[in-house]
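Peer 1: Line by line, the protein sequences give chains A and B.
Every number in this note's numbering is 20 more than the matching position in the first sequence, counting from 1.
Every number in this note's numbering is 20 more than the matching position in the second sequence, counting from 1.
Built from N, CA and C at the ideal position, the CB exists for glycine as well.
2 protein chains.
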Amino acid sequence: MAAVAGVDVGGTNITAARVEGGAVTLREKRATPHTGPDAVRDAIAEAVRALGEVDAVGVGVPGPVGRDGVVHSTANIGGFDEPTPIGSMISDALGGLPVGVGNDANLGALGEVRHGAGQGSRFLLAVWLGTGVGGGLVLDGQPYIGAFGGAGEVGHMVAVPGGAECSCGRRGCLEAYAGRSGMERAARLAAANGEETRLIKAGKADQPIKSGRWAKAVAKGDPVATRLLDDAVRALGHTLGSLINLLDVDTIVFGGGLTEKLGQPLIDRIAEATHPVVMLPHRRRSMVEAALGDDAGVLGAAEYALSQRRG
Amino acid sequence: MAAVAGVDVGGTNITAARVEGGAVTLREKRATPHTGPDAVRDAIAEAVRALGEVDAVGVGVPGPVGRDGVVHSTANIGGFDEPTPIGSMISDALGGLPVGVGNDANLGALGEVRHGAGQGSRFLLAVWLGTGVGGGLVLDGQPYIGAFGGAGEVGHMVAVPGGAECSCGRRGCLEAYAGRSGMERAARLAAANGEETRLIKAGKADQPIKSGRWAKAVAKGDPVATRLLDDAVRALGHTLGSLINLLDVDTIVFGGGLTEKLGQPLIDRIAEATHPVVMLPHRRRSMVEAALGDDAGVLGAAEYALSQRRG
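(1) Can you find a C-beta in chain A that's less than 8 Å from the C-beta of L266/B?
(2) Excluding the five sequence neighbours on either side, which residues of its own chain have a C-beta within less than 6 Å of the C-beta of G150/A, listed in chain order?
(3) Nearest chain A C-beta to F143/B closer than 8 Å, yes or no?
(4) Check this for me: beta carbons of F274/A and I264/A, under 8 Å apart or not?
(5) Which same chain residues end up closer than 6 Å to Y343/A when comparing Cβ atoms and leaving out the 5 residues on each side of it in sequence?
(6) Could you list which residues in chain A have their beta carbon closer than 9 Å to that of L274/B, in chain order?
(7) At what residues does the alpha helix (DSSP H) containing I314/B begin and finish?
(8) Looking at the secondary structure, which residues open and close the alpha helix (DSSP H) in which D28/B lies?
(9) So what does DSSP say about R87/B, is it helix, strand or coil?
(10) Beta carbons nearer than 7 Å to chain B: which residues of the stretch 114-130 of chain A have them?
(11) At a Cβ threshold of 8 Å, is D270/B touching chain A?
(12) For the beta strand (DSSP E) that T45/A lies in, which residues bound it at each end?
(13) Within the 8 Å Cβ cut-off, does C188/A reach chain B?
(14) Indicate the three-state DSSP secondary structure (helix, strand or coil) for R191/A in the structure shown.
(15) Am I right that L249/B and I290/B are in contact with their C-beta atoms under 8 Å? What's the rounded C-beta distance?
(16) Roughly how many angstroms lie between the CA atoms of A43/A and A76/A, to the nearest whole one?
(17) Tell whether a beta-carbon distance below 8 Å holds between L127/B and G161/B.
(18) Can you give, in chain order, each stretch of the beta strand (DSSP E) that sits fully within the stretch 128-187 of chain A and has at least 3 residues?
(19) Which residues in the same chain have their Cβ closer than 6 Å to the Cβ of A184/B, if we skip the five residues on either side of it in sequence?
(20) Tell me whether D101/A, by its Cβ, gets closer than 7 Å to a heavy atom of the ligand FAD.
(21) Would you mind reading off the limits of the alpha helix (DSSP H) that contains A95/A?
(22) Report the CB separation of G122/A from I165/A in whole angstroms; it is logged as a contact under 8 Å.
(23) Mind pulling the chain A residues with CB within less than 8 Å of F168/B?
(24) Hey, how far is the Cα of A235/B from the Cα of E215/A?
(25) Please report how far the alpha carbon of V308/A lies from the alpha carbon of L319/B, in whole angstroms.
(26) Give me, in chain order, the residues of the same chain whose beta-carbon lies closer than 6 Å to that of V74/A; leave out the 5 immediate sequence neighbours on both sides.
(27) Roughly how many angstroms lie between the CA atoms of G41/A and D314/A, to the nearest whole one?
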């Protein structure tokens with residue numbers, strides 16, 4: 021069985037995993053450098069070398085990636101200001117090893133479809149409810165990246181025309197309602213307007229509101245948390261309902277911190293919120309929780325490396 | 021060169037065309053029966069026989085079609101109340117000739133990508149601005165129908181959450197704002213509320229408002245027509261912008277009566293309205309007018325028949 025390396029490049033850490041037969045057998049972590057592409061290449065190459073001999077490398081990065089492995093931009097890693105051929109740079113550093121590069125949310129979707137909650141699906145959307153809202157598509161069994169590598173940005177579909185400001189600078193994006201940083205902004209605004217909420221702790225008002233705190237506040241009936249989660253569910257409902265009408269996927273997998281803390285009950289609420297929108301309901305369409313946790317990224321990257329070698 | 025038949029089943033007429041080398045060489049029309057599937061099968065078979073000998077038949081119908089050629093529902097043709105295996109029914113009537121059945125909007129998109137305004141595109145959306153708003157997708161060069169045959173319903177993506185009532189019974193669909201029947205409903209409401217508009221002719225208040233009348237009213241600065249077209253452009257702008265963020269298509273082709281009357285200036289306005297929404301603009305992404313007119317459907321159906329034979 022061939023061993024390949026799957027690499028997940030995040031804003032904080034680079035995780036490299038040795039993957040054999042669809043399972044992680046070794047893991048290496050490095051802090052993500054924010055001093056530019058050369059430093060990122062070196063960190064990835066070093067982590068991959070530490071995994072021992074591998075036949076190919078797949079790399080997931082947080083941003084749009086062209087069909088040629090060129091990273092066009094990434095907001096979460098400093099120094100990537102120009103289009104960067106990171107794939108060939110890593111390959112050169114590893115003595116010509118085949119390297120495939122893709123968007124992290126798309127590769128996570130591929131991981132879930134091959135080894136996780138999406139097994140058996142051919143038309144899948146993965147939605148990552150974290151700081152933002154990420155999306156990845158697998159259509160007709162293959163990762164879908166679109167014409168220029170930018171596909172899957174479900175978080176920046178318009179949920180409310182002219183609505184809340186999003187961290188991307190646009191208005192009304194799904195992410196502004198269902199991403200933790202948008203929800204946190206709304207919670208702070210409510211608190212500043214005098215609303216009582218246990219989301220913001222006295223004396224620790226500037227600490228980020230983590231998913232666990234959201235879950236606890238909702239469980240205790242906190243009115244601000246409840247209202248903002250209702251807003252998130254409503255925005256997810258009509259955006260994902262619209263997406264089903266457009267793409268007729270058979271499976272939506274939900275992952276990310278907020279999903280992990282709120283689980284299938286949250287997913288069931290989102291599913292219910294799609295019902296008024298969906299044209300062609302189907303009893304075989306399912307919405308489920310992701311199964312691989314943080315490993316979705318590295319397993320998907322490894323799958324991508326294998327598919328590139330075959331192609 | 022093989023001759024194939026392309027058939028477009030509309031609410032009023034069935035058009036069957038003999039297609040050779042991507043061109044229509046003969047055309048047959050029949051009135052669409054509304055007395056059920058057997059009558060529709062007979063009309064199609066009769067029209068195809070009148071075209072002379074062909075190797076295969078492609079049929080476009082207005083409704084979702086499964087991968088197995090089963091029509092699940094169609095609002096525009098009477099008597100299709102149950103899932104109907106119209107493909108095998110037609111094949112039996114034509115002595116076992118191979119028959120492929122697809123959704124008309126999807127096959128129209130395929131026609132435009134192979135022989136019309138979408139040539140050279142691999143990731144295309146066709147938007148048909150007619151009585152309703154139809155959509156068809158060609159992804160990675162292939163017609164895209166999704167998991168259960170229901171893909172492409174861009175007209176029933178939510179443009180305005182909780183907005184205007186759509187003819188499908190849902191609220192806020194794109195079609196309620198950018199389809200002629202939704203626009204007409206809004207115009208009649210404005211007139212009933214005492215607004216002056218040349219859209220509704222004195223003494224002919226119950227006649228449908230055709231695309232030509234919309235174009236003329238807008239050209240003359242009619243305030244109701246102007247406002248409703250502005251609403252349509254806005255709804256198209258953020259819905260199609262969202263769709264670009266999700267699918268990263270390289271080409272959007274616009275067809276249908278309203279496009280034919282208002283042309284590229286309308287398309288340019290829609291393109292401009294997508295700009296505030298699109299995450300990853302690309303200079304090679306284009307929005308253009310369809311080139312095949314009513315032939316998109318029969319040419320696409322013929323292409324589909326050919327691809328089925330190869331498959």
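Peer 2: The relevant details are as follows:
(1) Closer than 8 Å to some Cβ of chain A, the Cβ of L266/B qualifies, so yes.
(2) The beta carbon of G150/A is closer than 6 Å to those of G276 and G277 in its chain, skipping five residues each way along the sequence.
(3) So, interface residue.
(4) In this structure, I264/A does not lie closer than 8 Å to F274/A by Cβ.
(5) Because chain A is modelled from 21 through 331, residue 343/A falls outside the range shown and cannot be assessed.
(6) According to the sequence displayed, residue 274/B carries Phe and not Leu. Per Cβ cutoff of 9 Å: no residues; F274/B is ~17 Å from chain A at best.
(7) Looking at the sequence provided, one finds Asp at residue 314/B rather than Ile. That residue, D314/B, is in no alpha helix (DSSP H); it is neither H nor E in DSSP.
(8) That residue, D28/B, is in no alpha helix (DSSP H); its beta strand (DSSP E) goes A23 to V29.
(9) In the structure shown, the three-state DSSP call for R87/B is coil.
(10) Legend: CB atoms of the stretch 114-130 of chain A lying less than 7 Å from CB atoms of chain B are not found in any residue.
(11) It does; some Cβ of chain A falls within 8 Å.
(12) Start and end: A43 to A51.
(13) Yes, C188/A lies at the interface with chain B (some Cβ there is under 8 Å from its Cβ).
(14) In this structure, R191/A counts as strand in the three-state DSSP scheme.
(15) Contact flag wrong, Cβ pair sits at about 11 Å.
(16) Distance between A43/A and A76/A, taken at the CA atoms: about 15 Å.
(17) No, the Cβ-Cβ distance between L127/B and G161/B is not below 8 Å.
(18) Counting only runs of 3 or more, we get 144-149 and 153-159.
(19) For A184/B, same chain residues with a beta-carbon under 6 Å away, outside a window of 5 residues either side, are A196 in chain order.
(20) As presented, the structure is devoid of all ligands, the ligand FAD included, so that no description of it is given.
(21) Looking at the DSSP string, A95/A is not in any alpha helix (DSSP H), and its letter there is neither H nor E.
(22) Going by Cβ atoms, the distance from G122/A to I165/A rounds to 7 Å, so yes, they are a contact pair.
(23) Simply D268, D270, L300, H302, R304 and R305.
(24) Straight-line spacing of the CA atoms in A235/B and E215/A works out to 51 Å.
(25) Roughly 40 Å between the two C-alpha positions.
(26) Within the same chain, V74/A has close Cβ partners A23, V24 and A25.
(27) In this structure, the alpha-carbon of G41/A lies about 18 Å from that of D314/A.
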